[in-house]
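Mapping of the sequence shown onto numbering that gives the first Met the number 0: residues 0 to 118, in sequence order. Where is the CB? At the ideal position from N, CA and C, for every residue including glycine.
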Amino acid sequence: MKEVSTKKLAETIIEGIRNRKGQRIVSIDLRKIKEAPAEMMIIAEGNSNTQVSSIADEVDDFVRTQTHVHPLSVSGQENAEWIAMDYGTIFVHIMQREPRAYYDIEHLWADGKMTEWED
């Protein structure tokens with residue numbers, strides 16, 4: 000099976016998030032940070048645990064259909080306030096507004112190149 004580039008994977012993840020009306024989508028390029036756990040991080044927001052769960056399911060299904068790539072792990076589905084998906088080169092965080100504001104991941108990785116995407 001052919002390898003999918005990080006850029007193509009990121010675009011597919013973002014499209015999956017948009018399919019379920021995920022909001023405030025941000026990607027952070029971490030490649031210039033040597034202690035970064037991945038090449039890229041994508042953060043998005045849903046309005047309820049139902050929407051957060053729906054966005055994560057759509058990302059999983061859409062990425063699998065388009066690229067045949069499966070997440071290495073997914074956690075947080077139980078309460079769906081914050082679902083984290085590990086695609087190896089990309090970490091995806093789908094969060095409700097309150098945990099996103101509280102944990103402020105964007106600030107933690109502010110040294111990376113941040114891109115905000117239209118909803």
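R19 sits buried, since 16 or more C-beta atoms from the chains shown fall within 10 Å of its C-beta. For H69, no beta strand (DSSP E) run applies, since DSSP gives it neither H nor E. In this structure, the beta-carbon distance from Q22 to D118 falls below 7 Å. The continuous alpha helix (DSSP H) containing T11 extends over residues T5 to N18. Between I41 and I12, the C-beta spacing is below 7 Å. The C-beta of R99 has 16 or more other C-beta atoms within 10 Å across all chains shown, which makes the residue buried. In this structure G15 is buried. Its beta-carbon is surrounded by 16 or more other beta-carbon atoms within 10 angstroms. Taken in chain order, the whole beta strand (DSSP E) runs of length 3 or more contained in the region 86–116 are 89–95 and 112–115. Spanning the alpha carbons of D103 and S47 requires a straight line of approximately 18 Å.
By the neighbour-count definition (other C-beta atoms within 10 Å, threshold 16), D59 is a buried residue.
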